[in-house]
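Undergrad: So in the numbering used here, the last spot in the sequence shown is 1084, and the numbers never skip. All residues carry an ideal CB built from backbone N, CA and C; glycine is no exception.
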Amino acid sequence: DVVWTVVPFNASYAPGPKDFDFDVNQISITADREKQVDFSSPYYEANQGIVVLKDSDAADAESLEDLKGLNIGVQIGTTSLDAVNDVIEPDSDPQVFDTSNDVVTALKQGKVDAIVVDVPTGFYLTAVEIPEATLAGQFAAPGGDQWGALLEKDSALTACVSAAVDELRDSGELAEIEQEWISDKANAPVLE
893 DVVWTVVPFN
903 ASYAPGPKDF
913 DFDVNQISIT
923 ADREKQVDFS
933 SPYYEANQGI
943 VVLKDSDAAD
953 AESLEDLKGL
963 NIGVQIGTTS
973 LDAVNDVIEP
983 DSDPQVFDTS
993 NDVVTALKQG
1003 KVDAIVVDVP
1013 TGFYLTAVEI
1023 PEATLAGQFA
1033 APGGDQWGAL
1043 LEKDSALTAC
1053 VSAAVDELRD
1063 SGELAEIEQE
1073 WISDKANAPV
1083 LE
């Protein structure tokens, strides 16, 4: 039987015992996190996306340079925050929020000009939660942004989960899932 468990994002990769066997939750594989937890083989590589309100000046951004002067919102502890600081290098510090819901609320209320999230999340947000927003552009995360299933450190299941992910990749099924469920990256312009 499958038992679904809700765990706060930052708690998922905190050191120590877990209340779950593995977490598949858009969690990026990073060197710092790998010191605390195990990851399966990567199952997806995401670009970062810029979500802005359609009627805002920020919607006209055509380059990363155009984003530097924006008041940017982002969730704490994410690779999106790293991407804002390392790639966009905004003129002022980004506004950092505890949850993704807080980031979305800040954009809706005009407290930030733009938010940075991974591209699949950006597609979801603009289609469902913030239809008055658009995914204005995308850019590669520094060093890439690969997602993997997260497991407790030294879990006996890590090799099994990795083998399952590898089999899905090798069979082409991961590519089919990406094509069906994650919109084509070409839908958002690449910002350089």
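1) Opposite residue 1025 in the DSSP bridges: which residues?
2) Taking 8 angstroms as the cut-off, does the region 911-931 touch the region 1043-1058 (at least 3 CB pairs, one atom from each stretch)?
3) What is the DSSP secondary structure of residue 921, counted as helix, strand or coil?
4) Would you kindly work out how many angstroms separate the C-alpha atoms of residue 1083 and residue 987, rounded to a whole number?
5) Quick one: any contact between the region 944-960 and the region 1049-1069, if contact means 3 or more CB pairs under 8 angstroms?
6) Tell me the start and end of each unbroken alpha helix (DSSP H) in the region 959-994 that is at least 4 residues and wholly inside, in chain order.
7) By DSSP, does residue 1011 sit in helix, in strand, or in coil?
8) State yes or no: is the C-beta of residue 980 within less than 8 angstroms of the C-beta of residue 995?
9) In the structure shown, what three-state DSSP assignment does residue 1006 receive?
10) Terminal residues of the continuous alpha helix (DSSP H) containing residue 1062?
11) Excluding the 5 residues flanking residue 976 on each side, which residues of the same chain have their C-beta closer than 6 angstroms to its C-beta?
12) In whole angstroms, what separates the C-alpha of residue 993 from that of residue 1052?
TA: Per the coordinate set shown:
1) 945
2) yes
3) coil
4) 21 angstroms
5) no
6) 971-975
7) helix
8) no
9) strand
10) 1050-1063
11) 964, 966, 986 and 1008
12) 33 angstroms
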